[in-house]
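A.B. asks: Dumping the structure here so I can ask a few things about it.
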Amino acid sequence: MTLYGVGLGPGEADLVTVRGREILENADVVYSPGRLSRTVALKHVDESKIGDLDFPMTRDEEKLRAAWKEAAAEIAPNARDGDVAFVTLGDPNVYSTFGHLRRTIDAFHPEVELEIVPGVSAVTAFATAMGVEIEAGAGLSLREAASGHSPTGPDRMILFKVTDAPATHEGLVEAGYDVTYGRRLFMEQGETIVTDDPAEIDERDYYTLAYAEKESLEVEQATAAFLEEDDATANDGDSSGEPVADGGEVAVLEHAEGCESGDCGGHR
Numbered sequence: 052m053t054l055y056g057v058g059l060g061p062g063e064a065d066l067v068t069v070r071g072r073e074i075l076e077n078a079d080v081v082y083s084p085g086r087l088s089r090t091v092a093l094k095h096v097d098e099s100k101i102g103d104l105d106f107p108m109t110r111d112e113e114k115l116r117a118a119w120k121e122a123a124a125e126i127a128p129n130a131r132d133g134d135v136a137f138v139t140l141g142d143p144n145v146y147s148t149f150g151h152l153r154r155t156i157d158a159f160h161p162e163v164e165l166e167i168v169p170g171v172s173a174v175t176a177f178a179t180a181m182g183v184e185i186e187a188g189a190g191l192s193l194r195e196a197a198s199g200h201s202p203t204g205p206d207r208m209i210l211f212k213v214t215d216a217p218a219t220h221e222g223l224v225e226a227g228y229d230v231t232y233g234r235r236l237f238m239e240q241g242e243t244i245v246t247d248d249p250a251e252i253d254e255r256d257y258y259t260l261a262y263a264e265k266e267s268l269e270v271e272q273a274t275a276a277f278l279e280e281d282d283a284t285a286n287d288g289d290s291s292g293e294p295v296a297d298g299g300e301v302a303v304l305e306h307a308e309g310c311e312s313g314d315c316g317g318h319r
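Residue numbers (the numbering used here): 52 to 319.
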């Protein structure tokens, strides 16, 4: 008898994890905090199993606490008697509403067993959607950028909730960043946009993020040497006349780095 916090992933129904889908299919009730998460959940469960919860759009903390207490009081009896899922886009522990429910359940219904099922977060999905590579050893910071805020400092940042892209862009460019924006990445609801022009996404949309990288940032990867070799050099053999297939200084360096990181098993 458990309450499961299930991450639905970035928004496309087929990006829900296998574990998450199994929990949804077997749960007695699946609670959804919003329209978008409900739409994704309905691809995996019948509508008769969906339990909707009402959360006010407000910054008033008293009203929000009252809403979470009411939600916990609704969920707890069902979680004591059976298996219940609370779904959220992304991952339940990353910029998610689930944290509020977990703390409320812990405070008022500590007898309820709780388990979290991770989901694909925008933290990772953005890299594929926007064609960005975060190299091994690279630093990356998560920041919020609502209402035109332009956080600066780290060489690389993912900015969430970019609701005023032109204002955010101005501050980031002044601080020396190159910026790419992504809106509704891997989401079936609404238009997906990837652009470096903030004017293309100047209307407010909560599901907008940005990737900012310092213009002066230089990252030298061992395999970058391959791009610098011309065909003649690439086909040259070693001093014994044998072609260099997987040896040489670059390959040895990469092998050492991989082993140091614990990636030697099978060298896959």
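Cβ coordinates follow ideal geometry from the N, Cα and C atoms, glycine included.
May I have the straight-line CA-CA distance separating alanine 261 from glycine 62, to the nearest angstrom?
C.D. replies: Counting from one through the sequence shown, the residue named residue 261 turns up at place 210. Counting from one through the sequence shown, the residue named residue 62 turns up at place 11. Distance between the alpha carbons of alanine 261 and glycine 62 is about 17 Å.
A.B. asks: Can you tell me the Cα-Cα spacing of proline 202 and arginine 194, whole angstroms?
C.D. replies: Position 151 of the sequence shown, counting from 1, holds the residue named residue 202. Position 143 of the sequence shown, counting from 1, holds the residue named residue 194. Taking the straight line joining both Cα atoms gives about 7 Å.
A.B. asks: Return the bridge partner residues of alanine 263 from the DSSP annotation.
C.D. replies: Taking the sequence shown and counting its residues from 1, one reaches residue 263 at position 212. According to DSSP, which records beta bridges pairwise, alanine 263 is partnered with Met208 and Val230.
A.B. asks: Excluding the 5 residues preceding and the 5 following glycine 298 in the sequence, name in chain order all residues of the same chain whose CB lies nearer than 7 Å to its CB.
C.D. replies: Looking up residue 298 in the sequence shown gives position 247. At glycine 298 the pLDDT is 41, less than 50, meaning the model places this residue with poor confidence; the figure from the coordinates comes in the next sentence. There are no such residues.
A.B. asks: Indicate the three-state DSSP secondary structure (helix, strand or coil) for alanine 136 in the structure shown.
C.D. replies: Within the sequence shown, residue 136 is the residue found at index 85, counting from 1. In the structure shown, alanine 136 sits in a strand (DSSP, three-state: E or B).
A.B. asks: Please report how far the alpha carbon of alanine 123 lies from the alpha carbon of glycine 71, in whole angstroms.
C.D. replies: Residue 123 sits at position 72 when you count from the first residue of the sequence shown. Residue 71 sits at position 20 when you count from the first residue of the sequence shown. Between alanine 123 and glycine 71, the C-alpha separation is close to 21 Å.
A.B. asks: Ordered along the chain, which non-local residues of its own chain (more than five positions away) have a Cβ less than 7 Å from that of histidine 151?
C.D. replies: As a position in the sequence shown, residue 151 is number 100, starting the count at 1. The answer, listed in chain order, is Trp119.
A.B. asks: So, at 6 Å on beta carbons, what are the nonlocal neighbours of alanine 92 in its own chain, with the 5 sequence-adjacent residues on each side left out?
C.D. replies: Counting from one through the sequence shown, the residue named residue 92 turns up at place 41. Correct list, in chain order: Val81, Ser83 and Val138.
A.B. asks: Could you pull the DSSP bridge partners for leucine 93 from this structure?
C.D. replies: The residue given as residue 93 occupies position 42 in the sequence shown. In DSSP, leucine 93 forms no bridge with anything.
A.B. asks: Judging by CA-CA distance, which residue of Ala117, His95 and Val96 is the nearest neighbour of aspartate 105?
C.D. replies: Reading the sequence shown from its first residue, position 54 is the one you call residue 105. The shortest C-alpha separation from aspartate 105 is found at Ala117.
A.B. asks: Can you give me the C-alpha to C-alpha distance between alanine 136 and arginine 234, rounded to a whole angstrom?
C.D. replies: Walking along the sequence shown from the start, residue 136 turns up at place 85. Walking along the sequence shown from the start, residue 234 turns up at place 183. Taking the straight line joining both Cα atoms gives about 27 Å.
A.B. asks: Taking the Cβ atom as the reference point for each residue, do glycine 58 and arginine 153 lie within a distance shorter than 8 Å?
C.D. replies: Position 7 of the sequence shown, counted from the first residue, corresponds to residue 58. Position 102 of the sequence shown, counted from the first residue, corresponds to residue 153. For glycine 58 and arginine 153, no; Cβs fall outside 8 Å.
A.B. asks: Tell me, please, which residues DSSP counts as bridged to threonine 53.
C.D. replies: Position 2 of the sequence shown, counting from 1, holds the residue named residue 53. DSSP, once it has assigned bridges, lists Glu164 as partnering threonine 53.
A.B. asks: For a test of the three-state rule: what should DSSP assign to glutamate 195, helix, strand or coil?
C.D. replies: Residue numbering aside, residue 195 sits at position 144 when the sequence shown is read from its first letter. Strand at glutamate 195.
A.B. asks: So what does DSSP say about glycine 222, is it helix, strand or coil?
C.D. replies: Within the sequence shown, residue 222 is the residue found at index 171, counting from 1. Three-state result, glycine 222: helix.
A.B. asks: Which whole-angstrom value is the C-beta distance of asparagine 77 and aspartate 134, which I expect to be below 8 Å?
C.D. replies: Translated into positions along the sequence shown, residue 77 becomes position 26. Translated into positions along the sequence shown, residue 134 becomes position 83. Confirmed, about 6 Å.
A.B. asks: Where does serine 172 fall in DSSP's three states?
C.D. replies: The count along the sequence shown starts at 1 and reaches residue 172 at position 121. Three-state DSSP puts serine 172 in coil, outside helix and strand.
A.B. asks: Counting along the chain, where does the beta strand (DSSP E) carrying aspartate 103 start and finish?
C.D. replies: Mapped onto the sequence shown, residue 103 falls at position 52. Note, aspartate 103: beta strand (DSSP E), 101 to 103.
A.B. asks: Which same chain residues end up closer than 7 Å to methionine 52 when comparing Cβ atoms and leaving out the 5 residues on each side of it in sequence?
C.D. replies: Here residue 52 corresponds to residue number 1 of the sequence shown, with the count starting at 1. Cβ within range, chain order: Ala130, Arg131, Asp132, Gly133, Asp134 and Glu164.
A.B. asks: Would glycine 60 pass as a contact of valine 168 if the rule is Cβ separation under 8 Å?
C.D. replies: Here residue 60 is taken as the residue at index 9 of the sequence shown, counted from 1. Here residue 168 is taken as the residue at index 117 of the sequence shown, counted from 1. No, they are not a contact pair.
A.B. asks: Quick one: what does DSSP say valine 69 is sitting in, helix, strand or coil?
C.D. replies: Your numbering for residue 69 matches position 18 in the sequence shown. Helix, per DSSP.
A.B. asks: Would you report the Cα separation of aspartate 215 and glutamate 162, rounded to the nearest angstrom?
C.D. replies: Against the sequence shown, residue 215 aligns to sequence position 164. Against the sequence shown, residue 162 aligns to sequence position 111. Approximately 43 Å between the Cα atoms of the pair.
A.B. asks: Can you find a heavy atom of the ligand SAH that lies under 7 Å from the Cβ of threonine 203?
C.D. replies: The ligand content of the structure shown is nil, which means the ligand SAH is not present either.
A.B. asks: Report buried or exposed for serine 147, applying the criterion of at least 16 other Cβ atoms within 10 angstroms of its Cβ.
C.D. replies: Position 96 of the sequence shown, counting from 1, holds the residue named residue 147. That one is buried.
A.B. asks: Hey, quick one: how far does the beta strand (DSSP E) through threonine 109 stretch, first residue to last?
C.D. replies: In the sequence shown, the residue the question calls residue 109 occupies position 58. Taken as a continuous stretch (DSSP letters only), threonine 109 belongs to no beta strand (DSSP E), as it is neither H nor E.
A.B. asks: Mark methionine 108 as exposed unless 16 or more other C-beta atoms lie within 10 angstroms of its C-beta, in which case mark it buried.
C.D. replies: Indexing the sequence shown from 1 puts residue 108 at position 57. Label assigned to methionine 108: exposed.
A.B. asks: Between the alpha carbons of histidine 200 and tyrosine 257, how many angstroms are there, rounded?
C.D. replies: Position 149 of the sequence shown, counted from the first residue, corresponds to residue 200. Position 206 of the sequence shown, counted from the first residue, corresponds to residue 257. Looking at the two C-alpha atoms, the distance is approximately 14 Å.
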